[in-house]
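Protein chains: 2
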Amino acid sequence: MKPHPTSISDIARALGVSPSTVSRALKDHPDISEATRGRIKAFAKEMNYRPNALALGLRSQRSYTLGVIVPEIVHHFFSTLISGIEDLAYSKGYRVMICQSTEDYQREVLNIQALLDHRVDGLLVAFSKQTLDFSHFKTVLENQIPMVFLDRFCKEIETDRVVTDDFQGAKVATNHLIKRGCRKILHLAAPQNLHIGRERFEGYHQALIENELPLDDRLVLHCDTSAKLRALQDHLLVLAKDIDGVFAVNDFTAISMMQLLQEKGFEIPSRIAVAGFGDDPIATIVRPQLTTVQQKGYEMGKESARMLIQRLEKPETQTTPSTRVFPASLKIRESA
Amino acid sequence: MKPHPTSISDIARALGVSPSTVSRALKDHPDISEATRGRIKAFAKEMNYRPNALALGLRSQRSYTLGVIVPEIVHHFFSTLISGIEDLAYSKGYRVMICQSTEDYQREVLNIQALLDHRVDGLLVAFSKQTLDFSHFKTVLENQIPMVFLDRFCKEIETDRVVTDDFQGAKVATNHLIKRGCRKILHLAAPQNLHIGRERFEGYHQALIENELPLDDRLVLHCDTSAKLRALQDHLLVLAKDIDGVFAVNDFTAISMMQLLQEKGFEIPSRIAVAGFGDDPIATIVRPQLTTVQQKGYEMGKESARMLIQRLEKPETQTTPSTRVFPASLKIRESA
DNA sequence: TTGAAAGCGCTAACAC
DNA sequence: GTGTTAGCGCTTTCAA
């Protein structure tokens, strides 16, 4: 038989007091006499008593658990995000339930469902690339569950946000390429339904404008994974002859591009300079080391958890959603 | 005011039936008439009814949640493990709570605590490098919570295990180095309290024996992170003059070593060949591409979740702990 | 200073 | 075919 964990009433029975007395003693309620409290606490400790989080949650309607949804844990940016969230949450007495949408809309909807079923107190979400319909998020907010959008967000949903200054980051990176002498810069872009996709493109575009360079449609490609890059390989190699710089929306794509170019004999950065976005650890492992825009994943995670918990614990403080923008600075290495 | 989620009794009240009828109707209990069931289901759907997982868990003493503890999500191997676990768990109707110990013993103990508080049905654990005392795991088993050790395990705790054939993998990798002509192979090892650390060393050793090469103590170093490698840099460069091969316990260390050697002008693999362990994605990004032992993280994750759920749902089937060993095959690339 | 009772949402044994 | 009741573990009025 399964030896069920010690409960408050087990302790009460054993000590000949009532469950309420035990409950109060354990949380240092002033009404309980020094003596009883001592007895109870000692016995609880001895029995290895631990409060049942399920019962606590059911009773208090607060689970002290935050739900997190990210596209994929394997990506360094998202795992640092999670570390930040976890560290802050734990320090404030919260637990975290993590889900991956695997960039799949259906799965994201299921994730939300599961987290709500578990009565998480709030949600931290970086939604999937596929997500175009945001009604599942609207439902969350209608149910008054506080939610923070991380990194990726959309205008339709008015909620707290923690984002990188994608526009600025992209602009700085592109400017850097231009300053190095690039005139024809290929932009490997994310889908334009993603805010980060648009912003990074706009930053790129703005840099061109400020330097009086033309925007060439043919030099803006939707290509944000190594797989897509491989699929576009032939086309890219044709373009390569005409370009002298590449700005990619993330480091994996930047590096795949760099390696494709290297294989075909293009020198980097002398013939074509390459810049990425995200400062993934692989940026320093590849040769030449990748020049890229730094994103503060860990800090963003912490900040988002802080905002969420703030809303949970002091709902009155601030009512209108706020957006926290993290600056993006350029890390200049060898590739550009 | 917070609009509380629809409960079974909300539905019962609205429809003028009893809660038990609603409960039964929703789970297609045969006693309930077609008509009532229809009415109830329709209304529940309309109200967006969702069962409260906390109440369910409290009532049934089963949370349908698995607890997972890994050292660090950022490592590719562990995030693939998690993906495997999640996919299988979701397909069987289980949720997953993920914790990171950050290779910290204290935190691991807290993680276990938190997961038990949440009444997870079972545990999947890859414990931290620091962990030398296993009493927290013993407590888990004494409480009859099924647990599976993943990747890392210890002999003291008799429980299900899912591991890589570290010995074989290390032996094959070392043999490969020897076949290429290496005679003096440096082994960058993990701590020997970790089973994987010992096994990989033993595999290395066995390969030396089988090829009648001497084991040189000076060529076995405890060095399993880039940080440690940097700290040992000077010593390593002295050794480098005398060696012709390196077998590192993981890919990050292998690559850091490779880059250190390259910076100092050692040609790879012609002057010194390098092999790693794990087949991290960076292995194909670095130049020369890293020869390394493949580890099936995703499959191991799936298998471990399968074993755990099996024990939860059919506790009678098998009583003695079993160990599932995944073969480790060598992925030969350019570095060796 | 302590206890009794009710209720968070749900289900199952036992009525009827 | 449906309702009543009790209880999972906990806290919190209210009463003593």
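Residue numbers (the numbering used here), protein chains in the order written: chain A, 1 to 336; chain B, 1001 to 1336. Where is the CB? At the ideal position from N, CA and C, for every residue including glycine.
Residue 320 of chain A, buried or exposed, once every other Cβ within 10 Å from all chains shown has been counted against 16: Around the beta carbon of residue 320 of chain A, fewer than 16 other beta carbons sit within 10 angstroms, so the residue counts as exposed.
Cβ atoms of residue 1207 of chain B and residue 1171 of chain B: under 8 angstroms apart, would you say? Using a Cβ distance threshold of 8 angstroms, residue 1171 of chain B and residue 1207 of chain B count as a contacting pair.
With a CB to CB cut of under 8 angstroms and the five nearest residues on each side skipped, what residues in its chain are close to residue 1145 of chain B? For residue 1145 of chain B, same chain residues with a beta-carbon under 8 angstroms away, outside a window of 5 residues either side, are 1116, 1120, 1121, 1122, 1123 in chain order.
Can you list the residues of chain A that residue 1117 of chain B reaches, using a CB-CB cut of under 8 angstroms? In chain order: 50, 51, 52, 53.
Where does residue 1113 of chain B fall in DSSP's three states? Look at residue 1113 of chain B here: in three-state DSSP terms it is helix.
According to DSSP, is residue 1324 of chain B helix, strand or coil? Here residue 1324 of chain B sits in strand by DSSP.
From residue 23 of chain A to residue 109 of chain A, what does the alpha carbon distance come to, in whole angstroms? If I take the Cα positions, the gap works out to 39 angstroms.
Using the C-alpha atoms, what's the distance from residue 28 of chain A back to residue 45 of chain A? Cα-Cα distance, rounded: 14 angstroms.
Give me the residue from A:316, A:227, A:315, A:205 with the minimum Cα distance to residue 256 of chain A. Comparing Cα positions, the closest option is A:227.
Hey, is residue 86 of chain A's beta-carbon within less than 8 angstroms of any beta-carbon in chain B? Under the 8 angstroms criterion on CB atoms, residue 86 of chain A is classed as interfacial with respect to chain B.
Does residue 250 of chain A get closer than 8 angstroms to chain B when you measure Cβ to Cβ? Chain B, which has no Cβ nearer than 8 angstroms to the Cβ of residue 250 of chain A, makes this no.
At the 8 angstroms Cβ level, is residue 1188 of chain B part of the contact set with chain A, yes or no? So, not an interface residue.
Given a threshold of 16 other Cβ atoms within 10 Å of its Cβ, counted over all protein chains shown, does residue 1073 of chain B qualify as buried or as exposed? Flag for residue 1073 of chain B reads buried.
Got a sec? Which residues, its chain only, sit under 6 angstroms from residue 276 of chain A by beta carbon, not counting five neighbours each side? By the criterion of a C-beta distance shorter than 6 angstroms, residue 276 of chain A is surrounded in its chain by 248, 251, 254, 290, 292, once the five residues flanking it on both sides are discounted.
Strictly under 8 angstroms for the Cβ-Cβ distance: is residue 309 of chain A near chain B by that measure? No, residue 309 of chain A does not count as interfacial toward chain B.
Whole angstroms are fine: how far does the CA of residue 1100 of chain B sit from the CA of residue 100 of chain A? Computed Cα separation, rounded: 16 angstroms.
Residue 184 of chain A and residue 243 of chain A: beta carbons closer than 8 angstroms? Cβ atoms of residue 184 of chain A and residue 243 of chain A: closer than 8 angstroms.
Which same chain residues, not among the five before or five after residue 1103 of chain B, have their C-beta less than 8 angstroms away from its C-beta? Same-chain partners within the cutoff: 1071, 1072, 1128, 1129, 1130.
Do you know how far the Cα of residue 219 of chain A is from the Cα of residue 135 of chain A? Residue 135 of chain A and residue 219 of chain A have their alpha carbons spaced roughly 34 angstroms apart.
Check this for me: beta carbons of residue 39 of chain A and residue 54 of chain A, under 8 angstroms apart or not? Contact: no.
Could you tell me the alpha carbon to alpha carbon distance between residue 6 of chain A and residue 1312 of chain B, rounded to whole angstroms? Near 21 angstroms, if we compare the C-alpha coordinates of residue 1312 of chain B and residue 6 of chain A.
Keeping to the same chain, check which residues put their C-beta closer than 6 angstroms to that of residue 283 of chain A; ignore five residues upstream and five downstream. So the qualifying residues of the chain are 251, 290, 292.
Closer than 8 angstroms is the cut-off here; do at least three beta carbon pairs connect the stretch 54 to 70 of chain A with the stretch 1084 to 1094 of chain B? Contact between the stretch 54 to 70 of chain A and the stretch 1084 to 1094 of chain B is absent, because fewer than three Cβ pairs lie under 8 angstroms.
Extent of the continuous beta strand (DSSP E) run through residue 1329 of chain B: Residue 1329 of chain B -> beta strand (DSSP E) spans 1329 to 1331.
Looking at residue 258 of chain A and residue 329 of chain A, is the spacing between their C-beta atoms short of 8 angstroms? If you check the CB distance, residue 329 of chain A and residue 258 of chain A do not come in under 8 angstroms.
Quickly, what does DSSP pair residue 1273 of chain B with across the bridge? List them, please. Paired residue(s): B:1245.
Coil, strand or helix - residue 1149 of chain B by DSSP: It is a strand residue.
Apart from the five residues just before and just after residue 1324 of chain B, which ones in its own chain have a Cβ nearer than 6 angstroms to its Cβ? The beta carbon of residue 1324 of chain B lies closer than 6 angstroms to those of 1162, 1303 in the same chain, with the five residues before and after it left out.
Residue range of the beta strand (DSSP E) that residue 65 of chain A falls in? Per DSSP, residue 65 of chain A belongs to the beta strand (DSSP E) from 65 to 70.
Just to confirm the assignment, what range does the alpha helix (DSSP H) spanning residue 1206 of chain B have? Going by DSSP, residue 1206 of chain B is part of the alpha helix (DSSP H) stretching over 1195 to 1210.
In terms of residues, what are the limits of the beta strand (DSSP E) holding residue 1185 of chain B? Taken as a continuous stretch (DSSP letters only), the beta strand (DSSP E) holding residue 1185 of chain B covers 1185 to 1189.
One or two residues paired with residue 291 of chain A in a DSSP bridge: The beta-bridge partner set that DSSP reports for residue 291 of chain A consists of A:275.
Cα separation between residue 279 of chain A and residue 1222 of chain B? Going from the Cα of residue 279 of chain A to the Cα of residue 1222 of chain B covers about 29 angstroms.
Proximity to residue 1091 of chain B [Cα-Cα], best of A:111, A:192, A:155: If we check each option's Cα against that of residue 1091 of chain B, A:111 comes out closest.
Restricting to Cα atoms, I'd like to know which of B:1269, B:1191, B:1008 is closest to residue 1056 of chain B. Checked all of B:1269, B:1191, B:1008; the closest Cα to residue 1056 of chain B is B:1008.
So with Cβ pairs under 8 angstroms, would you call residue 1253 of chain B a contact of chain A? No, its Cβ sits nowhere closer than 8 angstroms to a Cβ of chain A.
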